[in-house]
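Structure record follows, encoded as structure tokens.
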Amino acid sequence: GAVVSQHPSRVICKSGTSVKIECRSLDFQATTMFWYRQFPKQSLMLMATSNEGSKATYEQGVEKDKFLINHASLTLSTLTVTSAHPEDSSFYICSARDMTTGELFFGEGSRLTVL
Amino acid sequence: AQRVTQPEKLLSVFKGAPVELKCNYSYSGSPELFWYVQYSRQRLQLLLRHISRESIKGFTADLNKGETSFHLKKPFAQEEDSAMYYCALSPSGSARQLTFGSGTQLTVLP
Numbered sequence: 190g191a192v193v194s195q196h197p198s199r200v201i202c203k204s205g206t207s208v209k210i211e212c213r214s215l216d217f218q219a220t221t222m223f224w225y226r227q228f229p230k231q232s233l234m235l236m237a238t239s240n241e242g243s244k245a246t247y248e249q250g251v252e253k254d255k256f257l258i259n260h261a262s263l264t265l266s267t268l269t270v271t272s273a274h275p276e277d278s279s280f281y282i283c284s285a286r287d288m289t290t291g292e293l294f295f296g297e298g299s300r301l302t303v304l
Numbered sequence: 015a016q017r018v019t020q021p022e023k024l025l026s027v028f029k030g031a032p033v034e035l036k037c038n039y040s041y042s043g044s045p046e047l048f049w050y051v052q053y054s055r056q057r058l059q060l061l062l063r064h065i066s067r068e069s070i071k072g073f074t075a076d077l078n079k080g081e082t083s084f085h086l087k088k089p090f091a092q093e094e095d096s097a098m099y100y101c102a103l104s105p106s107g108s109a110r111q112l113t114f115g116s117g118t119q120l121t122v123l124p
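Heads up: the protein sequence lines correspond to chains A and B, in order. Numbering (our numbering) for the first sequence: 190 to 304. Numbering (our numbering) for the second sequence: 15 to 124.
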């Protein structure tokens, strides 16, 4: 079946540094990918919709300069957390929409810890 | 704005007992409703969607527009059903932009 891969699965960084998380669709093409954030024991909150070849659409309250999203190809979207702070520590999950079938597939998530 | 409510954070049932996970939604248009499941240490995966009206792993869910509900049911729970279940809503035409409920952790006891 279709697979979405996220990398890294875990990352620890120092406060003030930037971290990039990749989301790849391995056997299908995705014009649309979504980035979610999940706090412990809470639901997934949509952060932004990533569109291939165009700017991402951010949800209300999500800082676009803080969370940079790039969707340069039909199989890759990246989320860069810039100048990370401890409050950015969270579980980040991406999903990718198969442009042929419309089906949505989720990555395994990336746990970010900012010290 | 749309909203999905799952009133139960935790639900425990015995093996073989019926189980119902509640989901209510608010949305002014005609949404698509989904149930996603996350087994321990695995990624989120689609369980079923209302438009297909299918039964997956013995689970069914009926969209009740009058009550704005999409409860998930299974007549005889199995231990392997223990997982986190999320109800989700996608506005029609939104290319599957999902709003998730807070999730219900189902534990099926032996």
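Where a beta carbon is used, it is the ideal one built from N, C-alpha and C, also for glycine. Owing to the predicted nature of the structure, the values given are computational and were not obtained by experimental measurement.
| Item | Value |
| --- | --- |
| If the cut is a Cβ gap below 7 Å, which residues of chain A does residue 117/B touch? | 232 |
| Excluding the five sequence neighbours on either side, which residues of its own chain have a C-beta within less than 7 Å of the C-beta of residue 303/A, listed in chain order? | 202, 204, 273, 274, 275, 277, 278 |
| For residue 299/A and residue 105/B, what's the separation of their Cα atoms in angstroms? | 27 Å |
| Report yes if the C-beta distance between residue 17/B and residue 40/B is below 8 Å; otherwise report no. | yes |
| Taking all protein chains shown into account, do 16 or more other C-beta atoms lie within 10 angstroms of the C-beta of residue 89/B, making it buried, or fewer, making it exposed? | exposed |
| Find the residues of chain A that neighbour residue 114/B, judging by a C-beta separation of less than 7 Å, and give them in chain order. | 232, 233 |
| Of all Cβ atoms in chain A, is any one closer than 8 Å to the Cβ of residue 110/B? | yes |
| Over what stretch of residues does the beta strand (DSSP E) that includes residue 27/B continue unbroken? | 24–28 |
| What would DSSP say about residue 275/A, mapped onto helix, strand or coil? | helix |
| Excluding the five sequence neighbours on either side, which residues of its own chain have a C-beta within less than 6 Å of the C-beta of residue 35/B, listed in chain order? | 86, 99, 118 |
| Span of the beta strand (DSSP E) holding residue 258/A? | 256–262 |
| Chain B beta carbons: is any one of them nearer than 8 Å to that of residue 286/A? | yes |
| Let me make sure I understand the geometry here. Which of 197/A, 195/A, 237/A, 208/A has the alpha-carbon closest to that of residue 221/A? | 237/A |
| Report the rounded CA-to-CA distance for residue 54/B versus residue 121/B, giving the unit in angstroms. | 11 Å |
| Provide the residue(s) that pair with residue 39/B in DSSP beta bridges, ordered along the chain. | 18/B |
| For residue 50/B, report the span of its beta strand (DSSP E) as first-last. | 45–52 |
| For residue 59/B, would you say it is in contact with chain A, using Cβ-to-Cβ distances shorter than 8 Å as the test? | yes |
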